[in-house]
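A short write-up of the structure that comes next.
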Amino acid sequence: MQKFIAILLTTILGILLIFTVPSLSKNSSEILWDTWGIPHIYAKNNTSLFQAFGWSQTKSHGNLLLKLYGQARGKAAEYWGINYLESDQYVRTMGIPKRAQQWYEEQTPEMRTYLDSFAQGINDYVQQHPDEIQEDLKQVLPVTGTDILGHFQRVIYFYFLTNPREIKALQNLPSQAGSNAWAIAPKKALNNHAILLANPHLPWSDFYLWYEAQLTAPDLNLYGATLVGMPALAIAFNDNLGWTFTFNPIDGADIYQLKLQEENYLFNGQLIPLKQEIETIKIRQPSGNFTELQIGIKRSIHGIIIEQQKDIGYALRVAGLDRSGSLEQLWNMGKAKNLNEFEISLKQLQLPLFNVIYADKKENIMYLFHGLIPIRSQGNWENWGGIIAGDTSETLWQNYHEYEQLPRLLNPKNGWLQNTNDPPWTSTDPPALKAEDFPPYFAPKYLGQVTDILRSQRSIELLNESDQLSLEDVINNKFSSKLLITDRLLDILISTTKALANPIGIEAAEVLEQWDRQTNPDSRGAVLFMLWATTLESKGLFSKPWNPENPLETPTGLADINTAVAVLEGIAAQVNLLYGSLDVPWGDVVRMRVGEQDVAARGGPGKLGSFQVLGIQAAPDKKFQVMSGDSFMMAVEFSDPIQAQGLTVYGNATQPDSSHRGDQLSLYQQGKMRPLWRDRSIIEQHLELRESF
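Each residue of the sequence shown is one higher than the last, beginning at 2 in my numbering.
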């Protein structure tokens with residue numbers, strides 16, 4: 002009897018513990034899926050954490066994941082046919098699969114285990130949920146740790162740092178990606194806590210998609226996002242600090258022109274044989290049979306030969322291919338508990354690019370022009386963006402600048418830091434970093450040399466408008482869709498058009514006069530102005546170009562008034578014909594389409610000065626469709642407890658049957674973020690699914 006009572010009491014106590022102790026059992030791991038499809042992983046150790054993260058990404062993006070890993074192997078044409086041949090040629094020519102294997106062997110034993118565990122989570126999910134994965138994608142299985150590194154290398158080094166567009170054009174071209182980032186110091190913050198705004202702009206498809214998650218393990222509570230297929234969060238915050246990335250105008254890839262004689266190249270007065278190898282690509286035919294294509298790959302001391310024209314060759318040299326620890330650096334950044342530990346992680350200098358914007362609970366904010374900058378003996382940023390003579394060792398860089406030599410700014414006097422893909426010199430206003438204090442090849446000398454001057458100026462304007470900013474202010478500013486270009490051009494366009502134009506031009510001017518100068522769904526006049534500005538852009542918009550003596554107020558003024566009026570009349574006629582009204586609302590014409598969702602857009606082109614950025618292109622139905630821009634975003638106030646809001650604009654899943662495809666678009670349209678749930682008790686109140694391991 003006593004034994005029975007003892008067993009009964011033990012059982013009751015165990016039940017009570019299950020319901021009263023919210024912390025994770027030491028012997029299990031869980032994923033709590035909230036109602037937005039965000040996985041909150043509670044792992045018993047780091048190995049289980051990575052496995053659960055691979056599992057969760059597969060649940061949300063399984064088809065996309067396997068497609069991306071197949072492409073990173075350079076075997077996509079073998080799996081899915083000739084449409085992927087160009088992708089395979091690029092991947093094989095750049096040596097990604099072989100280098101991925103080399104990188105895998107160079108990982109620390111700990112990191113290798115984590116990569117294998119992430120891959121195992123992917124494989125386990127497909128094995129247990131085979132009906133959720135497209136059949137022709139399963140031939141990629143099993144995914145390995147080497148695949149993860151190949152995918153990372155393909156995306157970061159051969160699309161972000163350099164890409165096929167550059168290679169075809171034989172020059173460095175402006176990136177198609179962008180970002181906004183702010184760090185607000187306590188003295189500038191209404192509640193005396195540092196605030197971080199993370200706001201990358203990327204295409205809304207393929208490997209550019211963000212995946213939002215919370216990773217919790219012993220001694221870790223990290224929330225943020227990473228690109229689909231990556232095992233470490235890239236933009237995140239923990240209980241003590243947070244950071245975001247923006248693309249920096251760093252030159253980490255150069256094209257060298259070589260003088261060829263047969264299969265040799267001239268270098269320092271000597272003929273040196275090109276190293277050559279053959280790669281065989283299998284191509285699946287509609288019948289299921291295969292054909293094979295052999296491609297010859299040539300290398301010089303500079304790098305891969307990407308183009309050959311008779312006796313001239315062009316070689317690509319990419320920074321950082323000799324450093325395999327990028328993912329480990331990201332992992333260490335997420336584990337850091339203070340600024341010192343965070344910078345120790347940064348000093349590994351494994352990532353080849355990105356600005357870092359940082360904030361923490363200890364009232365610190367920091368900007369860093371991070372990446373691998375080759376040590377060059379000559380030239381400036383513009384020179385190295387062109388073709389470099391490759392016949393001498395004087396131009397061949399070998400080493401990189403040390404961390405201490407990079408542009409860095411800690412706790413500036415003005416109380417804020419910003420970056421919108423502009424050079425380091427405009428991270429504050431007035432400037433605290435000066436171009437002349439660094440080698441001229443580090444970055445562009447002037448703001449006027451970057452693509453989105455107006456977006457950068459709008460960012461600085463928003464920060465300077467208020468003496469103090471709350472978290473809510475930062476969020477509201479993030480959703481500012483005012484086009485700064487209107488301050489420079491609209492008044493003179495309206496007055497001139499009224500004086501010179503035909504009736505349709507005068508009607509257009511009256512519409513523009515009533516327009517709120519924003520690109521909100523109900524903004525009337527935005528469609529007319531956007532089409533006018535982008536049409537006139539190729540002819541020249543401004544009479545006064547950007548001027549370093551007046552960096553935040555130029556460019557300005559209409560270049561050719563008569564042309565501007567004529568273009569407006571022509572655009573007005575087109576808008577009237579296409580949409581039946583010159584004052585058609587922006588959201589009626591510009592649409593956000595994800596899965597089954599088709600929502601009126603809010604936001605506009607960054608090049609026109611919108612801080613809420615959407616990249617759009619013409620759609621078949623005579624409307625415009627969002628293709629890129631705001632993607633993942635978060636605003637974090639380092640109070641106690643931390644206050645944070647965020648959004649993954651297009652939703653946190655791409656699987657065909659997922660209810661989370663596009664489920665956050667309506668919030669974005671309203672100019673709202675959602676609370677980021679980090680406390681387990683709150684997550685339990687918004688629980689969609691619980692999975693245990």
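For each residue, glycine too, the CB sits at the ideal point set by N, CA and C. Quick caveat: nothing in here was measured; it's all calculated off a predicted structure.
TODO: Would you list the residues sitting across from Asp641 in a DSSP beta bridge?
DONE: Looking at the DSSP output, Asp641 bridges to nothing.
Would you check if the distance between the CB atom of Phe170 and the CB atom of Val144 is smaller than 9 Å?
-> The amino acid at residue 170 is misidentified as Phe; the sequence shows Ala. No, the pair does not count as a contact, with Cβ atoms beyond the cut-off.
Problem - Contact check, Leu197 vs Trp211, beta carbons under 9 Å - result: It is not a contact, given that the beta carbons lie outside the stated cut-off.
**Study point:** Buried/exposed call for Gln215, threshold 16 Cβ in 10 Å
**Key:** With at least 16 other beta carbons inside 10 angstroms of its own, Gln215 counts as buried.
(request) Since I believe Lys260 is in contact with Asp148 (beta carbons under 8 Å), could you give me their beta-carbon distance rounded to a whole number of angstroms? (result) Wrong, their Cβ atoms sit about 39 Å apart, outside the cutoff.
Would you kindly report the start and end of the unbroken beta strand (DSSP E) that includes Tyr43?
-> Run containing Tyr43: 40 to 43, per the beta strand (DSSP E) assignment.
ask   = Ordered along the chain, which non-local residues of its own chain (more than five positions away) have a Cβ less than 8 Å from that of Ser632?
value = Within the same chain, Ser632 has close Cβ partners Pro201, His202, Leu203, Trp205, Tyr209, Leu210, Trp211, Thr649, Val650, Tyr651.
With the cut-off set at 9 Å, would you say Pro250 and Ala320 are in Cβ contact?
No, these two residues do not count as a Cβ contact at 9 Å.
Whose C-alpha, out of Pro353, Glu264, Ile302, Pro657, is nearest the C-alpha of Asp312? Closest by C-alpha distance to Asp312, out of Pro353, Glu264, Ile302, Pro657, is Glu264.
Pro676 to Leu472, Cα distance in whole Å?
Cα-Cα distance, rounded: 12 Å.
- Task: Please report the residue range of the beta strand (DSSP E) in which Met112 lies.
- Result: Annotation for Met112: no beta strand (DSSP E) segment contains it, though the alpha helix (DSSP H) segment containing it runs 110 to 129.
- prompt: Which residues in the same chain as Gly38 place their Cβ atom closer than 8 Å to its Cβ, once the five residues preceding and following it in sequence are excluded?
  reply: Taken in chain order, the residues that qualify are Ser61, Gly652, Asn653, Ala654, Ser659, Ser660, His661, Asp664, Glu689.
Under 9 Å between C-beta atoms of Leu150 and Ala195: Ala195 sits away from Leu150, with the two beta carbons spaced by 9 Å or more.
Given 8 Å, three or more beta-carbon pairs between the stretch 515 to 524 and the stretch 584 to 592 = Enough Cβ pairs lie closer than 8 Å, so yes.
| query | Alpha carbon to alpha carbon, what distance is there between Pro549 and Ala233? | reply | The straight-line gap from Cα to Cα measures roughly 40 Å.
Top-ranked residue by Cα proximity to Trp398, from Pro187, Ile302, Pro552 = Nearest option by C-alpha distance: Ile302.
Does the pairing of the stretch 598 to 608 with the stretch 464 to 471 give three or more beta-carbon distances under 8 Å? The answer is no - the stretch 464 to 471 does not touch the stretch 598 to 608, with fewer than three Cβ pairs under 8 Å.
Could you give the DSSP three-state label for Tyr447: helix, strand or coil? The three-state reading of DSSP puts Tyr447 in coil, since its state is none of H, G, I, E or B.
- prompt: Alpha carbon to alpha carbon, what distance is there between Arg93 and Ile298?
  reply: For Ile298 and Arg93, the distance between alpha carbons rounds to 9 Å.
Gly387 versus Ala316, Gln172, Tyr442, residue with shortest Cα-Cα distance = Measuring from the Cα of Gly387, the nearest candidate turns out to be Gln172.
* To do: State yes or no: is the C-beta of Ala78 within less than 9 Å of the C-beta of Arg285?
  => Taking 9 Å as the Cβ cut-off, Ala78 and Arg285 qualify as a contacting pair.
Worksheet item: Apart from the five residues on each side of it in sequence, which residues of its chain come closer than 8 Å, Cβ to Cβ, to Leu559?
Response: Correct list, in chain order: Leu490, Ile493, Leu494, Thr497, Leu542, Phe543, Ser544, Ala565.
Ile684 (DSSP reduced to helix, strand or coil) = The three-state secondary structure of Ile684, taken from DSSP, is helix.
Let me know if Arg155 comes out buried or exposed under the rule of 16 or more other beta-carbons within 10 Å of its beta-carbon. Answer is buried; the Cβ neighbour count reaches 16.
field: First and last residue of the uninterrupted beta strand (DSSP E) at Phe625
entry: Segment 625 to 631, the beta strand (DSSP E) holding Phe625.
Under 8 Å Cβ to Cβ from Glu508, same chain only, skipping five residues before and after it: list those, please. For Glu508, the CB contacts under 8 Å within the same chain, skipping 5 residues up- and downstream, are Ala573, Leu583 in chain order.
Excluding five sequence neighbours on each side, which residues of the same chain lie with their C-beta closer than 7 Å to the C-beta of Asn124?
Excluding positions up to five away in sequence, the list reads Leu142, Pro143, Val144.
What first and last residue would you give for the beta strand (DSSP E) that runs through Met593?
Bounds of the beta strand (DSSP E) holding Met593 are 591 to 595.
Problem set entry | Own chain residues within Cβ distance below 6 Å of Val357, not counting five before or after | Trp244, Leu369, His371, listed in sequence order.
Does the beta-carbon of Lys76 have 16 or more other beta-carbons within 10 angstroms, so that it is buried, or is it exposed? Buried: at least 16 other Cβ atoms inside 10 Å.
| query | Exposed or buried, what is Lys623 when buried is set at 16 or more other beta-carbons lying within 10 Å of its beta-carbon? | reply | It is exposed - the Cβ of Lys623 has fewer than 16 other Cβ atoms within 10 Å.
Quiz item: Is DSSP giving Gly607 helix, strand or coil here?
Solution: In this structure, Gly607 counts as helix in the three-state DSSP scheme.
Quick one: what's got a C-beta closer than 7 Å to Ile476's C-beta in the same chain, skipping five residues either side? Closer than 7 Å at the Cβ level, and outside the excluded window around Ile476, lie Ala636, Gln646, Met674.
Ends of the alpha helix (DSSP H) at Pro504?
Run containing Pro504: 504 to 515, per the alpha helix (DSSP H) assignment.
Q. Is it buried or exposed for His130, if we count other Cβ within 10 angstroms and need 16 for buried?
A. A residue is called buried once 16 or more other Cβ atoms fall within 10 Å of its Cβ, and His130, having fewer, is exposed.
- Message: In the DSSP output, what is Trp426 paired with across the bridge?
- Response: In the DSSP output, where bridge partners are listed per residue, Trp426 has none listed.
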